[in-house]
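First to last, the protein sequences are chains U and V. Counting with the numbering used here, you get residues 3 to 493 for the letters of the first sequence. Counting with the numbering used here, you get residues 8 to 229 for the letters of the second sequence. Yeah, the Cβ is synthetic: ideal placement off N, Cα and C, and Gly gets one too. To start, the structure itself, in structure tokens.
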Amino acid sequence: MIAALVWGPALAGGAAFATRSRRAREVLLVGTALGHAAGVGAAALAPAARAWRGWLGLDALGLLFLAITSALFLAASLYTVGYLRREPASRHSDLEEGFAFSNEPEAVFVGCLLLFLASMTLVTLARHLGLLWVAVEATTLSTAPLIYFHRQHRSLEATWKYLLVCSVGIGLALLGNLFLAVASMQPAGGGAESMLLDEMLKHAAGLRREWLEASFLLVLVGYGTKMGLAPMHTWLPDAHSESPSLVSALLSGALLNCAFLGILRSVELLGAAGDLGFTSGPLRALGLLSMGVAALFILRQPDYKRMLAYSSVEHMGVLALGVGLGGAAVPGALLHALNHSLAKAMLFLLAGNLLARFATKRSAEVRGALRATPITAALWLAGFFAIAGSPPFGLFVSEFAILRGALASGASAAAALYLTLLGVIFVAMAAGVLPMALGPAPAGLRPKPEPWSAWLPPALLGGAVLVLGVWVPAPLARLLERAAALLGAAG
Amino acid sequence: MTSFGAALLAAVLLTDFRLLGGSRLVALIRIAGAQGALLGVLAALAQGPAADLATGLAVGTIALKGLLLPQLLQRAIRRVEIRREVEPIVGYSASLALGVLALAGAGWVAGDLPLPRSDAPALLVPASLFTGYTGLFLVVARRKAITQALGYLVFENGIYGFGLAIAHEEPLLVQLGVLLDLLVAVFVMGIIVFHIQRDFDHIDVDRLDALGEAPGAEVGRP
Chain U
3 MIAALVWGPA
13 LAGGAAFATR
23 SRRAREVLLV
33 GTALGHAAGV
43 GAAALAPAAR
53 AWRGWLGLDA
63 LGLLFLAITS
73 ALFLAASLYT
83 VGYLRREPAS
93 RHSDLEEGFA
103 FSNEPEAVFV
113 GCLLLFLASM
123 TLVTLARHLG
133 LLWVAVEATT
143 LSTAPLIYFH
153 RQHRSLEATW
163 KYLLVCSVGI
173 GLALLGNLFL
183 AVASMQPAGG
193 GAESMLLDEM
203 LKHAAGLRRE
213 WLEASFLLVL
223 VGYGTKMGLA
233 PMHTWLPDAH
243 SESPSLVSAL
253 LSGALLNCAF
263 LGILRSVELL
273 GAAGDLGFTS
283 GPLRALGLLS
293 MGVAALFILR
303 QPDYKRMLAY
313 SSVEHMGVLA
323 LGVGLGGAAV
333 PGALLHALNH
343 SLAKAMLFLL
353 AGNLLARFAT
363 KRSAEVRGAL
373 RATPITAALW
383 LAGFFAIAGS
393 PPFGLFVSEF
403 AILRGALASG
413 ASAAAALYLT
423 LLGVIFVAMA
433 AGVLPMALGP
443 APAGLRPKPE
453 PWSAWLPPAL
463 LGGAVLVLGV
473 WVPAPLARLL
483 ERAAALLGAA
493 G
Chain V
8 MTSFGAALLA
18 AVLLTDFRLL
28 GGSRLVALIR
38 IAGAQGALLG
48 VLAALAQGPA
58 ADLATGLAVG
68 TIALKGLLLP
78 QLLQRAIRRV
88 EIRREVEPIV
98 GYSASLALGV
108 LALAGAGWVA
118 GDLPLPRSDA
128 PALLVPASLF
138 TGYTGLFLVV
148 ARRKAITQAL
158 GYLVFENGIY
168 GFGLAIAHEE
178 PLLVQLGVLL
188 DLLVAVFVMG
198 IIVFHIQRDF
208 DHIDVDRLDA
218 LGEAPGAEVG
228 RP
């Protein structure tokens, strides 16, 4: 059954390439997104399913990230319908520099979106480390054409950087996987020598320590590149600012998490081998470094899409830090992954609305948004408070849980640094975001109706973050506990 | 196996040095292809229970790394009409000198991390590490997008070589998946190289500099 979650979108993607009518492609896209969400719901209720001779399976960690991916894709697909209808069909002029360019064919765009969904689903379902690697690489390849939707030089530059930096990063992760295979070699032959996660976990105690630890470091750097951890994050701001906003939303909210899952699988393995302590230092260091680098670049960031991109670097740092702290911080970090995805996807979709309305990515040139686009601007403000971690939004709850975990484990220096950086980023983002909404609208900007496809998806995502801030449903709490237990954190 | 394998690996090392010191793109691509084919022959030498699979893997590797991917890249440079890498970021003699140091480093690392059990030739691990280094070096120290794509291909050759050392530990299916991904990656890179050329009339990546932070802010680039 779960295999259908992979090949369903893959087939739909193939079909979209060949579909010539826009209407049919819209039905295909939204229909697949709905079907995928329904399938994930059904899979969540079914007991641990396996497919493809144990190569595919769904555990608590996979389910959490799969659910995030599916929800975000559904929201983004609804947004896409309106987005593509508003995009000019012929050559049009660039919003920032004024030269003419044309878009990629829509059939390619929609087809790649669906293939992207299929590859991300495969990442969350993979129970074989080789397959996991192939799936992560497939996400890179299926997203490259999405970033290059607007065929002009800035997006081309971003795509090239993305493709090359991430491919090399993922190559290092492959080397990490090979090291893992060496770690599981037995001098006499025989025993578990496959890369199936379940078997490796069972025989984890017998893994060679030095190769296992070297493998973790390579996987952390490799998948960390794709996840956007500093200092390997260089591709991220460019790709996020140049791709269409709905693609940025999926990159930030879904793709970065998938890369994180690749790291978590390695953490799981070291935990089973009784070597969890080794993971903690590198994860904490990269986490805090990412938050620091993000704070530095968010300060006086002139471009609001790049600001959101650096905010993703920050939150990926929070996730790595949370898992590195261990104990009670781990369920907090996993909840934070969910919260961040919802809030960040919401903000990127809204950034797309602002970009369409004001024709600029410079924060300083967007003024009076509350007058010009009231719904978008109100949601934008709410989204800012959500992403900055103020109550009553979900990110406050999860960031607080990570702080409590840090204090409980006695990492007071890390906790202090964490709080300071969160504070700096709050102020820096407020300075960029608040003036955009307030004040009088620029002269000559006539009021325009806001179509539902532009504000309803972000509003739904924002609603979910709000609900998670006041109430974490019991099944979700249980899921988080089970997922954290896989990572060696006993609640 | 051993003496023949060692000779093949010595040839792989020579291709690495040719890649580090060469500037004519047609020749560079041909050398990278030859390197892929050498690795394919090495794959065929793998012994043990997986011998049948090894033959299939060898054929696949030679076809893909030795013929198809170099063809794709050759086609890309024919279409964009460029001949050589001029003014590399790190000069050719410096590249070669650094390469000698890196080779010594690779030998040292390989001596430090002995494989628990392997019937592969002793040179295999250092040669693969050095090939991986060569690829990364080309990505970082050359300006043309096509040379960077070639560097990525060589980097993957290195990782693939390391994989051969433990070929019988890893399912064939994974190797095939890796090869397939590589194919698509190089294909996509080829398309982008073509677009860069068409839109900019050049394929120097360091002249693609519209993005990035205000001066002095962000130095990171591939």
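### Task
Assign Leu447(U) to one of three DSSP states: helix, strand, or coil.
coil
### Query
Are any of the Cβ atoms in chain V nearer than 7 angstroms to that of Ala206(U)?
no
### Task
Would you kindly check if the distance between the Cβ of Trp57(U) and the Cβ of Tyr164(U) is under 7 angstroms?
no
### Message
Between Val426(U) and chain V, is any beta-carbon pair separated by less than 7 angstroms?
### Response
no
### Limits of the alpha helix (DSSP H) - the one that Phe151(U) falls within
Unbroken run through Phe151(U): none, as it is neither H nor E.
#### Entry: Rounded distance between the beta-carbons of Ala40(U) and Leu7(U), thought under 8 angstroms
That belief does not hold up - the Cβ atoms of Leu7(U) and Ala40(U) are roughly 10 angstroms apart, past 8 angstroms.
### Message
Starting from Thr71(U), trace the alpha helix (DSSP H) in both directions and tell me its first and last residue.
### Response
Ala62 to Arg88
### Message
Rounding to the nearest angstrom, what Cα-Cα distance links Pro95(V) and Val146(V) in this structure?
### Response
The straight-line gap from Cα to Cα measures roughly 11 angstroms.
### Query
Between the segment 218-251 of chain U and chain V, which residues of the former have CB atoms less than 9 angstroms from a CB of the latter, in chain order?
Pro233, Met234, His235, Thr236, Trp237, Pro239, Asp240, Ser243 and Glu244
### Query
Below 8 angstroms, can you find three or more Cβ-Cβ pairs linking the segment 113-123 of chain V to the segment 160-168 of chain V?
no
#### Entry: Closest residue to Ala120(U) among Phe398(U), Ala78(U), Thr34(U) and Leu177(U) (Cα-Cα distance)
Thr34(U)
### Message
Can you give me the C-alpha to C-alpha distance between Leu182(U) and Cys168(U), rounded to a whole angstrom?
### Response
21 angstroms
### Arg210(U) (DSSP reduced to helix, strand or coil)
coil
### Task
Identify whether Phe101(U) lies in helix, strand or coil by the three-state DSSP scheme.
Of the three classes helix, strand and coil, the one that applies to Phe101(U) here is coil, per DSSP.
### Query
Taking Cβ-Cβ distances shorter than 8 angstroms, what residues in chain U pair up with Ile36(V)?
The contacting residues do not exist; Ile36(V) stays about 17 angstroms from chain U at best.
### Task
Verify whether the separation of the beta carbon atoms of Leu180(U) and Phe169(V) is less than 7 angstroms.
yes
### Message
Contact criterion: CB-CB distance below 7 angstroms. Does Val112(U) meet it with respect to chain V?
### Response
no
### Message
Assess contact between the segment 109-117 of chain V and the segment 170-177 of chain U, defined as three or more Cβ pairs (one per stretch) separated by less than 8 angstroms. Is contact present?
### Response
no
### Coil, strand or helix - Arg85(V) by DSSP
helix
### Query
Nearest to Leu218(V) by alpha carbon, out of Leu127(U), Ala78(U), Asp305(U) and Ala62(U)?
Asp305(U)
### Task
Could you tell me the boundaries of the alpha helix (DSSP H) in which Ile377(U) lies?
Taken as a continuous stretch (DSSP letters only), the alpha helix (DSSP H) holding Ile377(U) covers Pro376 to Ile389.
### Task
Identify whether Ser121(U) lies in helix, strand or coil by the three-state DSSP scheme.
helix
### Task
List the residues that DSSP assigns as beta-bridge partners of His94(U).
Secondary-structure assignment with DSSP links His94(U) through a beta bridge to Phe103(U).
### Message
Determine whether the beta carbon atoms of Phe67(U) and Asn259(U) lie at a separation below 7 angstroms.
### Response
yes
#### Entry: the segment 138-145 of chain V in contact with the segment 188-197 of chain V per 3-pair CB rule at 8 angstroms
no
### Message
Judging by CA-CA distance, which residue of Leu47(U), Thr422(U), Phe19(U) and Ala17(U) is the nearest neighbour of Leu478(U)?
### Response
Leu47(U)
### Message
Please classify Val195(V) as buried or exposed, where buried requires at least 16 other C-beta atoms within 10 Å of its C-beta.
### Response
Looking at its Cβ environment, which holds 16 or more other Cβ atoms inside 10 Å, Val195(V) is buried.
### Query
Does the distance from the CB of Ala207(U) to the CB of Ile300(U) come in under 7 angstroms?
no
#### Entry: Which residues DSSP lists as bridging Gly59(U), in chain order
Arg52(U)
### Query
My guess is that Glu401(U) and His338(U) are in contact by the Cβ rule of under 8 angstroms, so how many angstroms apart are they, rounded?
Contact flag correct, Cβ pair sits at about 7 angstroms.
### Query
Is Lys163(U) helix, strand or coil by DSSP?
Helix at Lys163(U).
### Query
If you measure from the beta carbon of Ala194(U) to each beta carbon in chain V, is any gap under 7 angstroms?
Residue placement at Ala194(U) is poorly supported in this model, since its pLDDT is 46, which falls under 50; the coordinates still yield a value, given next. Not an interface residue.
### Query
Which word fits His242(U), buried or exposed, when buried means at least 16 other C-beta atoms lie within 10 angstroms of its C-beta?
buried
### Query
Quick one, which of Pro147(U), Leu148(U), Ala146(U) and Met122(U) has its alpha-carbon nearest Val136(U)'s?
Met122(U)
### Query
In whole angstroms, what separates the C-alpha of Gly264(U) from that of Gly37(U)?
26 angstroms
### Query
Name the DSSP beta bridge partners of Arg31(V), please?
Arg91(V)
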